[in-house]
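As structure tokens, then:
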């Protein structure tokens, strides 16, 4: 049975427990530097307020060890209040008798923001019974649970998978859009279908490449992970990073579909990964000792753009260089800008660092979909089941027979 959505339920006058995904980047002063995840959740929150629901927002922020001041929700509540044009009352906890009393006193149209759910270790406890007991406490606050935290849907945490065991639960508009868009692209893409896969951690991309090989027409590779592919082909990689444990897996990929996987032909190399590094551009098979790969070269950009120009569907996860250092972000930026000009192509950006690049270049509106979830979209690209979506499906069987 499929999960239920907001279109399937009545919300007027009800206490709606919304699990949001407002885990956003902050600067050294604790200021939020990118509030896209708030903006993407506004349609759901405004819908609930339009229908005079009582909105209770449950959220995690960062990876706190106990209670940490910088991960409190005060600034998020202030931002939300501005975007919703209504007061957002921020409470000092997410469970407890005084929290229950505050929630029960809500009037239609009120908005409450609970404190960081990760201030409680039970949220991520390894024991499912501990998580479920905590989830049951959280469930007491609402009459309906709305999962609007796509970015956390790959996590088996209490606020994601335990609450739906105790409370009627639905997907919010953002989660629904994320799942439907990515699933549709993978199941029925317009062709040619091209995937761009980059980033540093090859082990997280292996399931994605494995799942996409039979589905795509071409896979363009970049990022630090690509040098394991170079070594598997016997190429000189200098001091570039390699995952020795995955060499045999990579060799299998290349044996299976060498014609489908496209590797960079030239590389920007550096003597260190720093702004003041000595850099040069070399052929991909000629990286000298003492240098490491840091970005794709201009020739590779041109070759990749030639493939992309013919594509009707593109999915992208992971930058093609060490974008934290501006010197090594050129390849990623050039590809992003070119995608922005491809008007007749379905383009899905798989969250994480790639989404940050798209947003910095003001290209979000030119893409078909920019996911809010790095790990969650990666899991979907890899053909994995998302625990929180499975929890919604199980909930539908239990509460909507």
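Residue numbers (the numbering used here): 23 to 423. Glycine included, each C-beta is placed from N, C-alpha and C at the ideal position.
For residue 127, the secondary structure class from DSSP, reduced to helix, strand or coil, is coil. Under the DSSP assignment, residue 149 falls outside any beta strand (DSSP E); it carries neither an H nor an E label. Within 10 angstroms of the beta-carbon of residue 29 lie fewer than 16 other beta-carbons, which makes it exposed. Here residue 144 has 152, 153, 155, 156 and 180 as same chain residues with Cβ atoms under 8 angstroms from its own Cβ, once five neighbours each way along the sequence are excluded.
Collapsing the DSSP output to three states places residue 243 in a strand. Annotation: residue 225 to residue 166 spans about 38 angstroms, alpha carbon to alpha carbon. Taking 8 angstroms as the cut-off, the Cβ atoms of residue 245 and residue 397 do not count as close.
DSSP places residue 170 in the uninterrupted beta strand (DSSP E) bounded by 166-170.
Each residue's CA atom was taken as its position, placing residue 366 and residue 213 some 12 angstroms apart. With respect to residue 314, residue 261 sits close: the two C-beta atoms are nearer than 8 angstroms.
If you compare the alpha carbons of 87, 208, 111 and 135 with that of residue 401, the shortest gap goes to 208. If you look at residue 80, you'll find it in the beta strand (DSSP E) that goes 76-80. For residue 173 and residue 81, the gap between their C-alpha atoms comes out near 11 angstroms. Going by C-alpha positions, residue 384 is about 40 angstroms away from residue 270.
If you look at residue 44, you'll find it isn't in any alpha helix (DSSP H); DSSP assigns it neither H nor E.
Here residue 186 is buried. Its C-beta has 16 or more other C-beta atoms within 10 Å. Assignment of residue 136 by DSSP, reduced to helix, strand and coil, places it in the coil class. About 6 angstroms separates the Cβ atoms of residue 254 and residue 276, confirming a contact at the 8 angstroms cut-off. Here the alpha carbon of residue 47 sits roughly 15 angstroms from the alpha carbon of residue 90. For residue 317, the three-state secondary structure derived from DSSP is strand.
In the displayed model, residue 205 falls within a helix according to three-state DSSP. Between residue 411 and residue 201, the beta carbon gap of about 6 angstroms places them in contact (Cβ cut-off 8 angstroms). In the DSSP assignment, residue 375 falls within the alpha helix (DSSP H) that extends over 374-382.
A check of alpha carbon separations from residue 205 across 419, 406 and 418 identifies 406 as the nearest. Assignment of residue 288 by DSSP, reduced to helix, strand and coil, places it in the strand class. Annotation for residue 339: the continuous beta strand (DSSP E) segment containing it runs 335-339.
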